[in-house]
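Numbering (the working numbering), first residue to last: 2 to 558.
Beta carbons are placed, not taken as given, at the ideal position from N, Cα and C, and that holds for glycine.
In what follows, a single structure is set out as structure tokens and then discussed.
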Ligand SMILES: [Zn+2]
């Protein structure tokens, strides 16, 4: 259950972005043409160097307009999640696009002399938002991405005479006891690559053309910067995580091999293995009272959800969880699917982290509130989700015995050793694919897959099964960074406030992280909050740590 849960939860987080992108998608067909006109010298001559005051005034009014439009955009998304037929977001998407894609203003903004650092930051973010929007709303790109999405949702996978949809196939990969059926399911992922792989490749080539045109740099470099990171740092963290947890990962593989009683581990064994660990804990963490427990965890930190502008609905939606910032600080809506067990408890905690962030963010203007570093926002979700795995909280709030609490913790450690490697495979493959979309992706994927997972990946051509490549480019590294963020923040709070952080710890979390948006860079936020830049060492330590009792117990099962 747990491995599925994480995958789903991660897709949710992506889904938040996906909806935003599909909105962004509609924004600029016109502007592509207009920007070309602009570049050929039309508008530039009309303007002398604009005054900072007039630029600021226009920026103010555009940001206020955007805040208002996004409020109705999110209201509509909220309705769409629950009843897809009632409303359409077409109109609001068009209006948002018109506000952002204003070529004359974009030009003015670029050339203006601004001395105020806040104003400089707002300019930088506004221009990045505009470039992002111009790329993602390119008409050919939108058409391709949409056709890939459609084929991805209608395809059925043939397994043992049955036709399965995506959730069913995922379920087989995660839970099916029959190894041969799992093998078939593993290879069936390549059906989607066969159907859409060429188009995904086209999408990448197209983005490579659009990147220099609108952002003035390589697409993947631009997107990594938008996501508050860069390639050099990212790849060195990946390398650090991979090499320093190699012994733990090897140990995990031999343990899998022993407990599953197989001669040679195959890719279709890995995810399944986690469903065999401590299934008895699942029933202990039922649906009943999950939100109440989440509010108790927040309460320990002095956060009172009954006094925050957060509306929670437990319902049936496509994805596990979805938190919407209708108005930052004023109206936050949180939807969570009805699930049970660890998955549900974990998802709802993660979403509460987003909700706290969206409630508390303190920035002078909308563009600064809305353009926080994504690894921090996902990281705040993970900071809350990690709370459940702290024995002090698992035993008091979640009612587990201390043995159960350490088993839960150990299970998360084992599973993270695997799931973080999967994320690194997906992310590294993607970066190398953008470097050279002409190359043979089957060979590329096989190389990256065996490098991290240490099993024969059988040239199985499964890369096209990952829905992020077409829909949400250069995003999956955020989940690795979010995990680094969460462990680093937990470490800092432990150092300052001991194991029970209390209200003081909550205030610290509030002042150093939850109020942050786009004014500071991720590095500045980490420096001010933890005394050092974002680091992989606390994550690595957590992946290695082996609480003695739990390890011995699950070994002997
Ligand atoms: Zn999230």
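Regarding residue i and ligand 1, is the C-beta to nearest heavy atom distance less than 6 Å?
i	result
residue 382	yes
residue 379	yes
By the three-class DSSP mapping on this structure, what secondary structure does residue i have?
i	result
residue 143	helix
residue 54	helix
residue 89	coil
residue 327	strand
residue 264	coil
residue 312	strand
residue 475	coil
residue 249	helix
residue 100	helix
residue 400	coil
residue 336	strand
residue 322	strand
residue 542	helix
residue 521	coil
residue 373	coil
residue 77	helix
residue 160	strand
residue 110	helix
residue 535	coil
residue 165	strand
Given that a residue counts as buried once 16 or more other Cβ atoms are within 10 Å of its Cβ, and exposed if not, what is residue i?
i	result
residue 440	exposed
residue 376	buried
residue 468	buried
residue 559	This structure gives no information on residue 559, because the portion of the chain shown stretches from 2 to 558.
residue 407	buried
residue 539	buried
residue 112	exposed
residue 490	buried
residue 118	exposed
residue 522	exposed
residue 374	buried
residue 114	exposed
residue 183	buried
residue 255	exposed
residue 190	buried
residue 52	exposed
residue 347	buried
residue 95	exposed
Are the Cβ atoms of residue i and residue j separated by less than 7 Å?
i	j	result
residue 353	residue 443	no
residue 194	residue 465	yes
residue 1	residue 98	Only positions 2 to 558 of the chain appear in the structure, and residue 1 is not among them; the question remains open.
residue 449	residue 266	no
residue 516	residue 383	no
residue 380	residue 486	yes
residue 477	residue 536	no
residue 67	residue 367	yes
residue 321	residue 283	no
residue 412	residue 279	yes
residue 63	residue 88	no
residue 422	residue 470	no
Taking only the alpha-carbon atoms, compute the straight-line gap between residue i and residue j and give it to the nearest angstrom.
i	j	result
residue 32	residue 365	Here the model assigns residue 32 a pLDDT of 36, short of 50, so the residue's position is not dependable, and the following value carries that caveat. Whole-angstrom Cα-Cα distance: 28 Å.
residue 212	residue 541	34 Å
residue 480	residue 130	22 Å
residue 205	residue 324	29 Å
residue 544	residue 250	9 Å
residue 337	residue 71	21 Å
residue 508	residue 546	28 Å
residue 394	residue 409	12 Å
residue 219	residue 209	6 Å
residue 359	residue 308	14 Å
residue 271	residue 192	21 Å
residue 396	residue 305	21 Å
residue 326	residue 532	29 Å
residue 124	residue 285	51 Å
residue 156	residue 243	34 Å
residue 4	residue 281	Its pLDDT being 34, under 50, residue 4 is placed unreliably by the model, and nothing is read from it.
residue 106	residue 75	26 Å
residue 39	residue 143	Summary for residue 39: the model assigns pLDDT 40, below 50, so the residue's position carries little reliability; its value from the coordinates is reported in the next sentence. Rounded to whole angstroms, residue 39 to residue 143 spans 23 Å at the Cα level.
residue 446	residue 92	40 Å
What do you reckon, is the C-beta of residue i under 6 Å from a heavy atom of ligand 2?
i	result
residue 460	No copy of ligand 2 appears in this structure; the ligands present are ligand 1.
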